[in-house]
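Undergrad:
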Amino acid sequence: MRPTILIVEDDPGFREAMSLALETAGYATCVAGTMEEAIEKSKGSIPLIAFVDVMLGPEPVRHAELDALKRFAPGLRIVLISGYLWLGSPIQGRYPDVDAFLRKPFRLNALLDIVKELLPN
5 MRPTILIVED DPGFREAMSL ALETAGYATC VAGTMEEAIE KSKGSIPLIA
55 FVDVMLGPEP VRHAELDALK RFAPGLRIVL ISGYLWLGSP IQGRYPDVDA
105 FLRKPFRLNA LLDIVKELLP N
């Protein structure tokens with residue numbers, strides 16, 4: 005069975021590009037445009053990694069939303085993605101329980117490298 009990776013991104017084109025790259029590399033993907041949709045989909049698919057856009061709408065993603073994802077997918081590794089300039093050490097302090105950060109725009113190889121690093125052997 006292929007490992008499932010959840011993509012939570014409100015930009016449909018970016019979401020689909022990430023999904024295509026991961027599926028081409030042999031992973032199963034589950035996509036969502038909102039955190040509510042992601043939480044619902046996590047109940048059935050049990051992803052191992054979630055790539056979550058920091059800004060889904062006007063407000064940054066909340067800790068409670070990330071915790072809800074983890075309740076339905078124990079052991080879930082979370083990678084926050086964002087194109088905002090404040091991505092880096094200031095944002096890392098806001099989300100100490102996140103496994104990795106990826107700044108947009110990024111090369112698809114960087115996406116795949118993070119997956120390989122975070123997936124259990």
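Sequential numbering of the sequence shown, starting at 5, is according to our numbering. Idealized CB from N, CA, C, for every residue including glycine.
#1: Just to confirm the assignment, what range does the beta strand (DSSP E) spanning Leu106 have?
#2: From Ile118 to Arg66, what does the alpha carbon distance come to, in whole angstroms?
#3: Let me check you understand the geometry: is the CB of Arg81 closer than 6 Å to at least one non-hydrogen atom of the ligand SAH?
#4: Taking 7 Å as the limit between beta carbons, can you name the residues of its chain near Tyr99, skipping five residues before and five after?
#5: Which value, in whole angstroms, describes the spacing of the CA atoms of Asp71 and Ala29?
#6: Does the Cβ of Asp101 have 16 or more other Cβ atoms within 10 Å, making it buried, or fewer, making it exposed?
#7: Is the Cβ-Cβ distance between Glu27 and Thr33 less than 7 Å?
#8: Taking Cβ positions, are Leu122 and Arg75 nearer each other than 7 Å?
TA: Let's see:
#1: Ala104 to Arg107
#2: 22 Å
#3: Absence of the ligand SAH from the depicted structure is noted, as is the absence of any ligand whatsoever, leaving it without description.
#4: Leu84
#5: For Asp71 and Ala29, the distance between alpha carbons rounds to 28 Å.
#6: The residue in question, Asp101, is exposed, as its Cβ has fewer than 16 Cβ neighbours within 10 Å.
#7: yes
#8: no
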